[in-house]
Each structure stands twice: as structure tokens, then as C-alpha cells.
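Going by the working numbering, the first residue of the sequence shown is number 311, and it counts up by one from there. Notes follow once the structure below has been shown.
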Amino acid sequence: MRIAPVNERDSGTTTEPPRGEHSPKIGMTASSVSEPPPARQVQVVHGMSIDVEDHRQILSSRFRGDPGEVSAQFDRDMDEILAILDATGTKATFFVIGTIAEQRPDCLRRWADLGHEIASHGYAHKPIWAMTPTELREELQSCKRRLEDTISEPITGFRAPIFSVRWDSVWALDTISECGFTYDSSIVPVRMRRYGVAGFDPQPAPYLLPSGRRIVEIPLSIGRLWGRTMPVAGGGYFRLLPQVTIRRILRRFTMRQEVFVVYCHPYDMSAQPFQSADLAENWLDRLKGGLISFKSNLGRAKVRRLVRSILETFRFGPLKDIAEKQETHEPKRLLAKACSDVRRPV
311 MRIAPVNERD SGTTTEPPRG EHSPKIGMTA SSVSEPPPAR QVQVVHGMSI
361 DVEDHRQILS SRFRGDPGEV SAQFDRDMDE ILAILDATGT KATFFVIGTI
411 AEQRPDCLRR WADLGHEIAS HGYAHKPIWA MTPTELREEL QSCKRRLEDT
461 ISEPITGFRA PIFSVRWDSV WALDTISECG FTYDSSIVPV RMRRYGVAGF
511 DPQPAPYLLP SGRRIVEIPL SIGRLWGRTM PVAGGGYFRL LPQVTIRRIL
561 RRFTMRQEVF VVYCHPYDMS AQPFQSADLA ENWLDRLKGG LISFKSNLGR
611 AKVRRLVRSI LETFRFGPLK DIAEKQETHE PKRLLAKACS DVRRPV
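Below, the structure is given as C-alpha cells:
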């Protein structure tokens with residue numbers, strides 16, 4: 311199997327030439343190269359992030375129109391995540407939705423006291439493409455205010471639910487910056503059915519926005535698998551891809567001194583099978599809930615082992631540290647071009 315991350319640049323650690331390149335678009339290149347030797351020195355610090363949301367709450371909102379109470383399973387899953395982070399000495403970014411902050415303020419303060427970064431994941435887990443600019447501004451401000459009031463610290467990072475900064479919503483970065491966020495981590499640099507900006511630079515970088523504002527974008531990582539560019543950063547990809555594949559990709563990112571950004575959800579780390587059909591109130595929603603549960607449970611048993619393994623092997627830290635390093639760099643002027651270059655999905 312040939313595996314390589316996109317945007318492979320010669321960092322001085324190898325002289326291996328790329329074999330075959332994609333047509334570059336908006337700063338992205340990709341190549342497929344032979345298997346690398348093990349990395350001798352681990353210097354680059356990758357990004358570790360948790361999208362803090364209760365899957366049952368999200369589905370309850372979808373099926374019943376009301377998120378209800380945070381589930382006991384969510385609390386157990388977060389304890390599992392905290393135990394792994396503590397055992398590996400890793401600090402992470404927790405992208406928290408507003409409804410969790412409402413019902414678990416003591417948990418937010420505890421996470422912050424442990425040294426983890428608290429960042430925004432929106433108030434009600436609503437995708438950006440479902441909002442107007444005014445609605446997005448209100449969503450961003452209300453969640454930011456809730457989080458800051460809870461932990462008494464500034465909130466500087468944002469990640470859109472469902473990675474919904476995509477080809478038709480890059481405009482949202484201006485609104486995100488306007489609301490006081492210094493970095494965003496919402497873009498997946500490959501086109502998928504519901505998300506992605508194909509051709510976007512896959513490495514963290516500062517951008518000069520059309521309004522004159524600046525923001526650092528920290529994209530979710532992508533790689534080359536079986537001749538295709540695809541997301542590999544976490545979630546369902548961690549459940550379905552072999553552990554050895556993820557480790558090989560991470561090793562190559564490390565050799566290239568490129569940042570790999572991981573994301574997980576609490577339910578990805580759960581020791582218990584996920585169930586959601588009981589939240590439905592009609593046969594169609596029960597069917598949908600059953601399918602969601604089936605997909606969510608595929609390969610989930612190995613995710614905790616995989617996450618612990620990579621945290622023990624490679625260096626990871628919160629995304630704010632990555633953003634701070636980028637803030638001193640010259641910003642790119644690519645976002646306006648990105649909006650016009652990326653085609654509408656068909």
C-alpha cells in the first residue's frame with residue numbers, strides 16, 4: 311500500500327522525490343510515495359482536539375425538537391477521554407457546544423483547570439450552511455459568551471459543526487474573525503458529500519480575509535489512500551481504517567515536520583454500544599436511528615487503543631499553540647480565490 315499525506319514539502323529530513331502529483335489548486339499538492347522508515351526524531355507537535363457533544367442530545371433535537379438532558383453515557387465517555395489524556399501527558403482542545411456548557415459548567419471548569427483548551431463548537435450544533443450571516447453571528451457570540459462566563463478565560467478557537475465551512479460558506483471565516491476568534495478549525499481540504507473545500511491548503515496558515523481581518527485556519531488532516539485523497543483525521547475514519555495505516559500517515563507527517571490534526575467525539579471513545587432508536591417517535595425515525603447506531607458502532611472498540619497509542623508515540627498539544635505559532639507568519643491572500651475556484655458539488 312502506498313500512503314502519503316498531501317502537501318508534502320521537502321523539510322530537509324528526506325531527499326525522496328514525489329512520484330506523480332495532482333494538479334495544484336489553492337496551494338495544495340499531493341503525491342504517492344513509498345513507505346517511510348520510522349521517524350528517528352519527533353519534533354513537530356500535532357493537534358489533538360475533542361468535539362464535545364452528546365450524540366444522544368443531537369439526535370433528540372433531530373427526532374424530538376428538544377435536546378433534553380446530557381446523558382450519563384456522555385459523562386462516562388468524557389471520563390474515559392480525560393483518563394487517556396492524563397495517562398499520556400497530553401493537553402487537548404475541547405470544542406464545546408453551548409448546550410453542554412449550560413448543563414455541565416463544573417465539567418468545563420475542571421477541564422480548563424487540568425490545562426486543556428476550551429473552544430467553541432457553536433451553541434446548538436447547527437451547521438453553517440443552515441444559517442444566514444446574522445444567525446451565525448448570534449450563534450457565535452452567544453456560545454462564546456457562555457463559555458467565557460463559565461471558565462473566566464478568553465475563547466479564541468472555533469470549529470463548525472459537521473466541518474460546515476465548505477465551498478459555499480467560506481464567507482463565514484470573516485464572521486468568525488469578527489466575533490473575536492483568532493483561529494478556526496472547520497475546513498476539510500477535500501470535497502465530501504456534506505463538507506470540504508477541495509484544494510484548500512491542508513497545513514495551518516494565517517489568512518488575510520476580504521474584510522481586512524485575519525484568521526488562522528487549522529484544517530483537519532487528509533492523506534492519500536489507495537490512490538485517492540481522503541480525510542484521515544479521526545471520527546469514522548479512525549473507526550474504519552487500520553491502526554497501522556493511521557500510524558504510517560502520522561509518521562510521514564512527522565518526518566515532513568507537518569502538523570496532523572486529530573479529532574474525536576466522546577461517543578467514539580465509549581466502551582458501550584451506542585443506541586439511538588429509542589429516541590425516535592415514529593417508525594421512520596426509528597429506522598434512521600437504528601442505521602445511525604449501526605454506523606456509529608462500526609469499528610468503535612479499537613478507537614480508544616488507537617488514540618492512546620498515537621498519543622504515546624507522537625507529540626500532541628492543543629490547537630491554540632499551533633495557532634499562536636502561525637500568527638507571526640505572513641498571511642495568505644487565497645480565500646477570495648478559493649471561493650471562485652472550488653466547483654459546486656454535483
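We treat Cβ as the ideally placed atom computed from N, Cα and C, and that holds for glycine.
Beta-carbon proximity of residue i to residue j, cut-off 8 Å
{"i": "PHE624", "j": "THR555", "result": "no"}
{"i": "PRO576", "j": "MET388", "result": "yes"}
{"i": "LYS642", "j": "TYR493", "result": "no"}
{"i": "GLY467", "j": "ALA633", "result": "yes"}
{"i": "ILE532", "j": "PRO541", "result": "yes"}
{"i": "TYR573", "j": "GLY546", "result": "no"}
{"i": "ILE407", "j": "GLY432", "result": "yes"}
{"i": "ALA482", "j": "GLN636", "result": "no"}
{"i": "ALA411", "j": "PRO628", "result": "no"}
{"i": "ARG523", "j": "SER496", "result": "no"}
{"i": "HIS356", "j": "VAL571", "result": "yes"}
Backbone secondary structure at residue i - three-state DSSP
{"i": "GLY537", "result": "coil"}
{"i": "ALA397", "result": "helix"}
{"i": "LYS642", "result": "strand"}
{"i": "ILE407", "result": "coil"}
{"i": "GLU390", "result": "helix"}
{"i": "LEU629", "result": "helix"}
{"i": "MET579", "result": "helix"}
{"i": "HIS435", "result": "coil"}
{"i": "ARG503", "result": "coil"}
{"i": "ILE497", "result": "coil"}
{"i": "ILE313", "result": "Any reading at ILE313 must be qualified, since the residue scores a pLDDT of 43, below 50, and its modelled position is unreliable; no value is offered."}
{"i": "LEU518", "result": "strand"}
{"i": "ILE559", "result": "helix"}
{"i": "ILE528", "result": "coil"}
{"i": "LEU457", "result": "helix"}
{"i": "GLN567", "result": "coil"}
{"i": "TRP477", "result": "coil"}
{"i": "VAL613", "result": "helix"}
{"i": "ALA508", "result": "coil"}
{"i": "THR442", "result": "coil"}
{"i": "LEU621", "result": "helix"}
{"i": "LEU424", "result": "coil"}
{"i": "GLN513", "result": "coil"}
{"i": "ARG523", "result": "coil"}
{"i": "PHE491", "result": "coil"}
{"i": "ARG414", "result": "coil"}
{"i": "SER452", "result": "helix"}
{"i": "VAL738", "result": "Since the first residue of the chain shown is 311 and the last is 656, residue 738 is not available in this structure."}
{"i": "GLU634", "result": "helix"}
Own chain residues within Cβ distance below 6 Å of residue i, not counting five before or after
{"i": "SER479", "result": "ILE438, TRP439"}
{"i": "PHE404", "result": "ILE360, VAL362, TRP421, HIS426, ILE428"}
{"i": "GLN413", "result": "VAL380"}
{"i": "VAL354", "result": "THR564, GLN567"}
{"i": "ASP364", "result": "VAL380, SER381, PHE384"}
{"i": "HIS639", "result": "PRO516"}
{"i": "GLY490", "result": "none"}
{"i": "PRO415", "result": "THR460"}
{"i": "PHE473", "result": "SER496, VAL498, TYR505"}
{"i": "GLU390", "result": "MET579"}
{"i": "LEU424", "result": "none"}
Residues of its chain near residue i, where Cβ-Cβ distance is below 7 Å and the 5 sequence neighbours each way are ignored
{"i": "MET441", "result": "GLU449"}
{"i": "ARG350", "result": "At ARG350, the pLDDT of 42 sits below 50, so the modelled position is not reliable and the matter cannot be decided from this model."}
{"i": "LYS436", "result": "GLU449, PRO471"}
{"i": "SER452", "result": "GLY408, TYR433"}
{"i": "THR400", "result": "MET358, LEU621, PHE626"}
{"i": "ARG419", "result": "THR460, ILE461"}
{"i": "LEU616", "result": "PHE548, GLN553, ILE556"}
{"i": "LEU560", "result": "PHE570, ILE620, PHE624"}
{"i": "ALA543", "result": "LEU530, SER531, VAL571, VAL572, TYR573"}
Close-in-space but distant-in-sequence residues of the same chain around residue i (CB under 8 Å, 5 per side omitted)
{"i": "THR485", "result": "PRO443, LEU446, ARG447, LEU450"}
{"i": "ARG618", "result": "ILE394, ALA397, THR398"}
{"i": "LYS630", "result": "THR403, GLU427, ALA429, THR466, GLY467, TYR493"}
{"i": "ARG456", "result": "GLY408, ALA411, GLU412, TYR433"}
For residue i, the residue or residues it bridges with in DSSP
{"i": "SER430", "result": "VAL406, PHE468"}
{"i": "CYS574", "result": "ILE360"}
{"i": "GLY544", "result": "TYR573"}
Please determine if the segment 417–430 and the segment 455–474 are in contact, where contact requires at least 3 C-beta pairs separated by less than 8 Å. These segments touch.
Contact the segment 440–448 vs the segment 506–517: 3+ CB pairs below 8 Å: no
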